[in-house]
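Trainee: Mind the numbering: the sequence shown is residues 1 to 395 in my numbering, read in order.
All residues carry an ideal CB built from backbone N, CA and C; glycine is no exception.
Following this message is one structure expressed as structure tokens.
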Amino acid sequence: MSAETSELPLQELAQGARAAGRFALDTEFMGEGRYRTLLCLVQLATPQVPGMAERIELLDPLEEGIAAAPLASMLADPRIEVVVHAGRLDVALLRRRFASEVRNMFDTQVAAGFAGLGAQSSYESLLAELLGVRIAKTASFTRWDTRPLTAEQRAYAREDVMHLLELAAELERRLLALGRLEWAREECEVLERASDERDPQAIFERLPRVRGLGASARPVARELVLWRERTAARQDRPVQSILSDPALMEIARRRPSSRAQLEQIRGAGGGSVRRRAQELLAAVQRGQARPPEPPSETMRAPLARPEDGPLVALAEALVRARSAQAGIAYELIASRADLQAIVAARRSDEREPSVRTLRGWRRELVGEELLALLDGRVSLSVGAGQVQSDARPRS
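Pasting the structure below:
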């Protein structure tokens, strides 16, 4: 069951995790040239507890018939904290490979963002800054899907979880002192639902310039998305290597009915597409057989306009100021897309957009103030080197 030949005592590891109330987890994976990222290795670490030494084990998810029930139970037990670093993809891969849910995650990268250390801090930079530990990333870009693993890979994999529990303890101490531990846990709870399942509806709505498609072209584009996803999944290849987004959109617009018409479209005349011409034309026909599609509610959301630029910049200035004052990474509070959606909705008198900046602790920190600014109820000024908001007198 191990990444080499020795049996991984997962039951004993689970006992250690339950006794300690936490364990560290990391993964190695390969995503290049595939439809879905392949989970190649799971590293687990438990601390020393009475009667049990600290231990690090490697679990090989590529092994057929692997009995990973103890791991699934550890991940799903809300009494056991699962410590990860930048663990969104880890969670998604474990869910897909082992049907495992994660119930109590602590992500050290998220925690660092709330501790004023940056939202994208790497594991090695945090170890160096907070613990004075330096690790090498020599095997980071090696082939983790080949067996047997090299001694260098095994050493690298073990080191990736060796200090994770100590790092988490230091970050928790800092967050507790700052009064932000619960905010960090709230953000980590969101990551527990991470999935790498591909939603055809979301993919369709993210297509470039999909808003500009006519009502008759939309169902064709939707069928092409479904065909591309099925083909890529069957062949385990990246979707763009099957049919690029620009080619897909042009096919939806032109709706070719013959191989000759299809090959006149840029990006649709290559060998890969030619080999699947009949399948592709059949997808076009299926789309044409469906009723015309008006834009969905999501697609009808207010569009950003050039004149929104100054308001978005003003909103960003406020959020960045509050981010700096609070010592919380800006990226944890808002994105440019969040601010564009808020500005566009305010300009169009639409209801509040469902963006994270206007929910929970973010709304408390800056969301309400941001809405007041965009409504003209407050103005910004600079005093003592800081951005201040002042209530505007009613006219």
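Look up Phe-106 in the DSSP assignment and give the residues it is bridged to.
Mentor: Val-83
Trainee: What did DSSP end up calling Ala-301 once you bin it into helix, strand or coil?
Mentor: With a pLDDT of 49 at Ala-301, under the threshold of 50, the predicted position of this residue should be treated as unreliable, though the coordinate-derived value follows. Of the three classes helix, strand and coil, the one that applies to Ala-301 here is coil, per DSSP.
Trainee: Give me, in chain order, the residues of the same chain whose beta-carbon lies closer than 6 Å to that of Thr-231; leave out the 5 immediate sequence neighbours on both sides.
Mentor: Ile-242
Trainee: Would you mind sorting Gly-287 into buried or exposed? The rule is 16 or more other CB atoms within 10 Å of its CB.
Mentor: Taking every protein chain shown into account, the CB of Gly-287 has 16 or more other CB atoms within 10 angstroms, so this residue is buried.
Trainee: So Leu-213 and Ala-202 are supposed to be a Cβ contact under 8 Å. How far apart are they, rounded?
Mentor: About 16 Å separates the two Cβ atoms, so there is no contact after all.
Trainee: Could you please give the first and the last residue of the uninterrupted beta strand (DSSP E) stretch that includes Gly-118?
Mentor: Gly-118 -> no beta strand (DSSP E), and no H or E assigned at all.
Trainee: By DSSP's criteria, Thr-27 is part of a beta bridge. Which residues make up the other side?
Mentor: Val-42
Trainee: Whole angstroms are fine: how far does the CA of Phe-204 sit from the CA of Ala-301?
Mentor: Confidence is the limiting factor: at Ala-301 the pLDDT is only 49, short of 50, which leaves the residue's position unreliable and the question unanswerable from this model.
Trainee: Grouping DSSP H, G and I as helix and E and B as strand, with all else coil, what is Arg-55?
Mentor: strand
Trainee: Would a C-beta distance cut-off of 8 Å place Leu-380 and Leu-371 closer than the cut-off?
Mentor: no
Trainee: Give me the Cα-Cα distance between Arg-154 and Asp-26, rounded to the nearest whole angstrom.
Mentor: Taking the straight line from one Cα to the other gives about 13 Å.
Trainee: Measuring straight from C-alpha to C-alpha, what distance separates Ser-125 and Phe-23?
Mentor: 21 Å
Trainee: For Leu-59 and Val-83, which I take to be in contact (beta-carbon distance under 8 Å), what is that distance rounded to the nearest angstrom?
Mentor: About 16 Å; that fails the 8 Å criterion.
Trainee: Please name the residue, chosen from Arg-18, Arg-79 and Ser-389, that lies closest to Val-49 on a Cα-to-Cα basis.
Mentor: Arg-18
Trainee: At which residues does the alpha helix (DSSP H) containing Leu-332 begin and terminate?
Mentor: 330-333
Trainee: Pull up the distance between the alpha-carbon of Val-273 and that of Ala-215, whole angstroms please.
Mentor: CA-CA distance, Val-273 to Ala-215, rounds to 25 Å.
Trainee: Three-state secondary structure (DSSP) at Ala-391?
Mentor: strand
Trainee: Leaving aside the five residues before and after Val-378 along the sequence, list all residues of the same chain whose C-beta is less than 8 Å from its C-beta, in chain order.
Mentor: Closer than 8 Å at the Cβ level, and outside the excluded window around Val-378, lie Glu-369, Ala-372, Ser-389, Asp-390, Ala-391 and Arg-392.
Trainee: On the three-state DSSP scale, how would you describe Ser-323?
Mentor: The answer is helix: DSSP assigns Ser-323 an H, G or I state.
Trainee: Three Cβ pairs or more, each shorter than 8 Å: is that satisfied between the stretch 308-317 and the stretch 83-101?
Mentor: The answer is no - the stretch 83-101 does not touch the stretch 308-317, with fewer than three Cβ pairs under 8 Å.
Trainee: Is Ala-19 helix, strand or coil by DSSP?
Mentor: helix
Trainee: What are the boundary residues of the alpha helix (DSSP H) that includes Ile-272?
Mentor: In the sequence on display, residue 272 carries Ser and not Ile. It spans 271-275 - the alpha helix (DSSP H) in which Ser-272 sits, taken as one unbroken run.
Trainee: Considering only C-alpha positions, which residue in the set Gln-15, Met-249, Arg-228 and Ala-217 is nearest to Pro-433?
Mentor: Residue 433 lies beyond the stretch modelled for the chain, which goes from 1 to 395, so this question has no answer here.
Trainee: Quick check on the burial criterion: 16 or more other C-beta atoms within 10 angstroms. Buried or exposed for Ser-296?
Mentor: exposed
Trainee: Since Pro-353 contacts Ala-334 with CB under 8 Å, what's their CB separation in whole angstroms?
Mentor: Rounded to whole angstroms, the Cβ separation of Pro-353 and Ala-334 is 12 Å, and the two are not in contact under 8 Å.
Trainee: Let me know the secondary structure DSSP gives Leu-373 once reduced to three states.
Mentor: The DSSP-derived three-state label of Leu-373 is helix.
Trainee: What are the start and end residues of each continuous alpha helix (DSSP H) run of 4 or more residues lying completely inside the stretch 173-247, in chain order?
Mentor: 181-191, 200-205, 218-235 and 239-242
Trainee: Between the C-alpha atoms of Trp-144 and Glu-170, what's the straight-line distance to the nearest angstrom?
Mentor: Put simply, the backbone Cα of Trp-144 is about 30 Å away from that of Glu-170.
Trainee: In the DSSP assignment, what are the bridge partners of Gln-386?
Mentor: Gly-383
Trainee: According to DSSP, simplified to helix, strand and coil, what is Val-161?
Mentor: helix
Trainee: Can you give the beta carbon distance from Gly-21 to Ile-80, rounded, assuming they're within the 8 Å contact cut?
Mentor: 6 Å
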